[in-house]
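Peer 1: Here the sequence shown stands for residues -17 to -1, 1 to 467, where the numbers follow mature numbering (1 follows the signal peptide of the UniProt record, and there is no 0). After the structure tokens below, expect a handful of questions from me.
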Amino acid sequence: MKLIVIIFLLFAPFVTATAQQFKVTYTSSAFKGPFSGNVILYLSPKNEQPKNHSGWPVYRMPVDHIEPNEPIIFSDSSLSYPTLLSRLQRGEYYMQVVWDLNRDGRVIGRSTGNVFSAVQKIRLNDPDEIFTVVCDQLVPEPVFTESKFVKHLNAPSALLSKFHKKPVALKGAVILPSQYYEEPDRRFPVYFMVGGFGGDHYHYSSTVSSDTMPSVPLDTMAVIKVFLDGDCSLGHSTYANSDNNGPVGDAFATEMIPWLDQKFRTNGGRVIRGHSSGGWTVVYLLTHYPQLFAGGNASAPDAVDFHRFTKTNLYTDTSRIEFVDALTIGKKPDIEVIYDRPNIAHSIEDIIYRGEQNVSFDAVFGPKGKNGLPRPLYNSATGKLDKEVFEHWKRYDLTQYVIRNWPRLEKDLAGKLRVSVGNEDNAFLNISAMLMEAEMKKIGADIRFDYYPGNHFTVVTREYRKDEDMWLKKCYLEWLARRK
């Protein structure tokens, strides 16, 4: 009996706490309805536009067939991270709510057409207080403003439109050299660039950037530069064919490139560089469509060998080895919360359920779940690895893919691909690259690997970039010689 009393006293504050409530509606002027999907409540003590940031605390409610002006109630029954509303530290917060229509965009709070509320600054003090939230605003479609040298790449894709059952286009920015206008009969090679997770092509829009100058030459060669936007609803597409994102690689190869060649004066020569997730994109595209490129450089690519995915060996480990940063291995980040309720999420991505890094990996590498979302590789509560899901991931282990297909790939791939990485990469991507290099040596695959001082971010030094440019120039000149 004494033990029962002690347990009751420990948890009494949580049992008796009054749930903070938010009464939320949307207007018919914003969306005619009915709405079925997910509604997200964002709170932040610092960010004045909390919906635009992937921070916490954050709460989610899946709802079905909600009409305009019909209220839903966020309370302790809502899916929560990192704690319940009733347990949230008292104080001032900026607050917004978003109804996710999931039409276009990676970040839920910035996705085109989503319905959201104006920012309110609230004080959580009285747990009995009910906050009223009216969502009457729409996220506008972003506008890409062209300039003399920067043009919008917006290539419609029949393949992706069929897959997603709505119009879909591959997007990016085309940066022209000054010679494009000075020499109107001249044709130019294309230099593709792929950013890492979260990088989008709107950086080059003249309304938000001063980066509207002519393209910088590849060493001394004038090139048409093309920034490929990897953003998609679930994260970064990496331009790979996948069960969740659709046939993005095929759309790039058979739809975007012909569109680009038709719209601009290209000469058929193509090189490609990318960093991080963009680096993985380069390895994927070079190994799956090698005939399209003269050469490519993958800078600090995401894991190209799944024997080391950050610190986890996906082939032999049964659970995720937790990775926080290069100095904190083997444990989850400390969060002052007791996970005694099933609606308290163990990962922020259980709440912000699309568009973030881990979901992005699951979307590219994993199968689609019964709920229409990617099946996760890891259980977010236990860290246990789902071996059935990993069987699907295996086809995206690029080391094993090259080993299986080298006899077929050698003719078009040999001497074209370079992987470069820092020896102190924050996500241990250098180890994955080293594992791939060892396997490539075993089969005699002509793929180059170079290692530099520095981590994932400092490795992009002048020396590093110069070596990258010299590699791409060499590959292009070799392509040009073969063509002649």
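We put the beta carbon where it would ideally sit given N, CA and C, even for glycine. As the structure is a prediction and not an experimental result, all values here were calculated from the model.
Is it buried or exposed for M44, if we count other Cβ within 10 angstroms and need 16 for buried?
Peer 2: Looking up residue 44 in the sequence shown gives position 61. Its Cβ being crowded by 16 or more others within 10 Å, M44 is buried.
Peer 1: So, at 8 Å on beta carbons, what are the nonlocal neighbours of G20 in its own chain, with the 5 sequence-adjacent residues on each side left out?
Peer 2: Residue numbering aside, residue 20 sits at position 37 when the sequence shown is read from its first letter. Closer than 8 Å at the Cβ level, and outside the excluded window around G20, lie P45, V46, W82, D83, L84, N85.
Peer 1: What are the residues that DSSP puts in a beta bridge with Y77?
Peer 2: Taking the first residue of the sequence shown as 1, we reach residue 77 at position 94. Per DSSP, S27, K104.
Peer 1: C118 and L254 - do their beta-carbons sit closer together than 8 Å?
Peer 2: Within the sequence shown, numbered from 1, the residue matching residue 254 stands at position 271. Within the sequence shown, numbered from 1, the residue matching residue 118 stands at position 135. The sequence given here places Val at residue 254; Leu does not occur at that position. Not a contact, by the Cβ cut-off of 8 Å.
Peer 1: At which residue ranges does the stretch 394 to 427 contain complete beta strand (DSSP E) runs of 3 or more residues, listed in the order of the chain?
Peer 2: 400 to 405
Peer 1: Taking the alpha carbon of V80 as the point to measure from, which residue in W39, R431, L26 has its own alpha carbon closest?
Peer 2: Taking the first residue of the sequence shown as 1, we reach residue 80 at position 97. That would be L26, whose Cα lies nearest to the Cα of V80.
Peer 1: So is G74 buried or exposed if we call it buried at 16+ other beta carbons inside 10 Å?
Peer 2: Taking the first residue of the sequence shown as 1, we reach residue 74 at position 91. Looking at its Cβ environment, which holds fewer than 16 other Cβ atoms inside 10 Å, G74 is exposed.
Peer 1: Would you grab the beta carbon distance between E50 and G96 for me? Rounded to a whole angstrom, and I think it's under 8 Å.
Peer 2: Taking the first residue of the sequence shown as position 1, residue 50 is located at position 67. Taking the first residue of the sequence shown as position 1, residue 96 is located at position 113. About 18 Å; that fails the 8 Å criterion.
Peer 1: Could you work out which residue in P40, A277, N413, I105 is closest to D288 when comparing CA atoms only?
Peer 2: Residue 288 sits at position 305 when you count from the first residue of the sequence shown. The candidate whose alpha carbon is nearest that of D288 is N413.
Peer 1: How many whole angstroms separate the CB atoms of F373 and L356, which I take to be in contact at a CB cut-off of 8 Å?
Peer 2: On the sequence shown, residue 373 is found 390 positions in, with the first residue counted as 1. On the sequence shown, residue 356 is found 373 positions in, with the first residue counted as 1. Between L356 and F373 the Cβ distance is about 17 Å, and since that is not below 8 Å, they are no contact.
Peer 1: Quick one: any contact between the stretch 281 to 297 and the stretch 233 to 249, if contact means 3 or more CB pairs under 8 Å?
Peer 2: no
Peer 1: Among T203, L121, G213, V7, whose alpha-carbon lies nearest the alpha-carbon of R89?
Peer 2: Here residue 89 refers to the residue found at position 106 when the sequence shown is read from its first residue. Ranking T203, L121, G213, V7 by Cα distance to R89 puts G213 first.
Peer 1: Within 10 angstroms of its Cβ, does H271 collect 16 or more other Cβ (buried), or is it exposed?
Peer 2: Residue numbering aside, residue 271 sits at position 288 when the sequence shown is read from its first letter. Classification of H271: buried, given that the 10 Å Cβ count is 16 or more.
Peer 1: State the Cα-Cα distance for the pair S198 and L136, rounded to the nearest angstrom.
Peer 2: Here residue 198 refers to the residue found at position 215 of the sequence shown. Here residue 136 refers to the residue found at position 153 of the sequence shown. So the alpha carbons of these two residues sit roughly 15 Å apart.
Peer 1: Use the C-beta contact count for V126: other C-beta atoms within 10 angstroms, 16 or more gives buried, fewer gives exposed.
Peer 2: By one-based count along the sequence shown, residue 126 stands at place 143. In this structure V126 is exposed. Its beta-carbon is surrounded by fewer than 16 other beta-carbon atoms within 10 angstroms.
Peer 1: Going by DSSP, what residue range makes up the beta strand (DSSP E) through V117?
Peer 2: In the sequence shown, residue 117 corresponds to position 134, counting from 1. Run containing V117: 113 to 121, per the beta strand (DSSP E) assignment.
Peer 1: Less than 8 Å between the beta carbons of K367 and S282, yes or no?
Peer 2: Start at 1 with the first residue of the sequence shown, and residue 367 comes out as number 384. Start at 1 with the first residue of the sequence shown, and residue 282 comes out as number 299. Contact flag unset, no.
Peer 1: Restricting to runs no shorter than 3 residues, where is the beta strand (DSSP E) found entirely within the stretch 334 to 405?
Peer 2: 400 to 405
Peer 1: Tell whether a beta-carbon distance below 8 Å holds between Q103 and A13.
Peer 2: Translated into positions along the sequence shown, residue 103 becomes position 120. Translated into positions along the sequence shown, residue 13 becomes position 30. No, these two residues do not count as a Cβ contact at 8 Å.
Peer 1: Does DSSP put W454 in a helix, a strand or coil?
Peer 2: To locate residue 454, count along the sequence shown from 1; it is residue 471. Correct three-state label for W454: helix.
Peer 1: Helix, strand or coil for S19? Go by DSSP, reduced to three states.
Peer 2: As a working note, residue 19 is residue 36 in the sequence shown. It is a strand residue.
Peer 1: Given H329, which residues of its chain have a CB within under 6 Å of its CB, disregarding the five upstream and five downstream residues?
Peer 2: As a first step, residue 329 is located in the sequence shown; it is residue number 346 there, counting from the start. The answer, listed in chain order, is S363, A364.
Peer 1: What distance in whole Å lies between the Cβ atoms of D395 and N438, which are believed to be in contact at a cut-off of 8 Å?
Peer 2: For the purposes of this step, residue 438 is taken as residue 455 along the sequence shown, with counting starting at 1. For the purposes of this step, residue 395 is taken as residue 412 along the sequence shown, with counting starting at 1. Wrong, their Cβ atoms sit about 33 Å apart, outside the cutoff.
Peer 1: In the DSSP assignment, find the beta strand (DSSP E) that holds P241 and state where it starts and stops.
Peer 2: On the sequence shown, position 258 is the one that residue 241 refers to. Looking at the DSSP string, P241 is not in any beta strand (DSSP E); the run it does join, the alpha helix (DSSP H), is 240 to 246.
Peer 1: Do L268 and I207 count as a contact pair if the criterion is CB distance below 8 Å?
Peer 2: Numbered from 1 along the sequence shown, position 224 holds the residue referred to as residue 207. Numbered from 1 along the sequence shown, position 285 holds the residue referred to as residue 268. Taking 8 Å as the cut-off, the Cβ atoms of I207 and L268 do not count as close.
Peer 1: On the criterion of 16 or more Cβ atoms from any shown chain inside 10 Å, does Q274 qualify as buried, or is it exposed?
Peer 2: Position 291 of the sequence shown, counting from 1, holds the residue named residue 274. It is exposed - the Cβ of Q274 has fewer than 16 other Cβ atoms within 10 Å.
Peer 1: Is DSSP giving S260 helix, strand or coil here?
Peer 2: To locate residue 260, count along the sequence shown from 1; it is residue 277. S260: helix per DSSP, three-state reduction.
Peer 1: In this structure, does DSSP put T95 in helix, strand or coil?
Peer 2: Start at 1 with the first residue of the sequence shown, and residue 95 comes out as number 112. Strand, per DSSP.
Peer 1: Taking only three categories from DSSP, how would you classify P273?
Peer 2: Residue mapping note: residue 273 aligns to position 290 of the sequence shown, counting from 1. Helix.
Peer 1: Whose C-alpha, out of D450, D369, N228, is nearest the C-alpha of V404?
Peer 2: Position 421 of the sequence shown, counted from the first residue, corresponds to residue 404. With distances taken between Cα atoms, V404 lies closest to D450.
Peer 1: Do you know whose CA, among M176, Q4, Y163, lies nearest S69's CA?
Peer 2: Numbered from its first residue, the sequence shown carries residue 69 at position 86. Closest by alpha carbon: Q4.
Peer 1: Alpha carbon to alpha carbon, how far is D168 from H219?
Peer 2: As a position in the sequence shown, residue 168 is number 185, starting the count at 1. As a position in the sequence shown, residue 219 is number 236, starting the count at 1. Each residue's alpha carbon lies about 37 Å from the other.
Peer 1: What does the alpha-carbon distance come out to for the pair K131 and E165?
Peer 2: Residue mapping note: residue 131 aligns to position 148 of the sequence shown, counting from 1. Residue mapping note: residue 165 aligns to position 182 of the sequence shown, counting from 1. Roughly 13 Å between the two C-alpha positions.
Peer 1: Can you tell me whether T301 is helix, strand or coil according to DSSP?
Peer 2: As a working note, residue 301 is residue 318 in the sequence shown. Coil at T301, not helix or strand.
Peer 1: If you run the structure through DSSP and keep just helix, strand and coil, what is N35?
Peer 2: Translated into the one-based positions of the sequence shown, residue 35 becomes position 52. Look at N35 here: in three-state DSSP terms it is helix.
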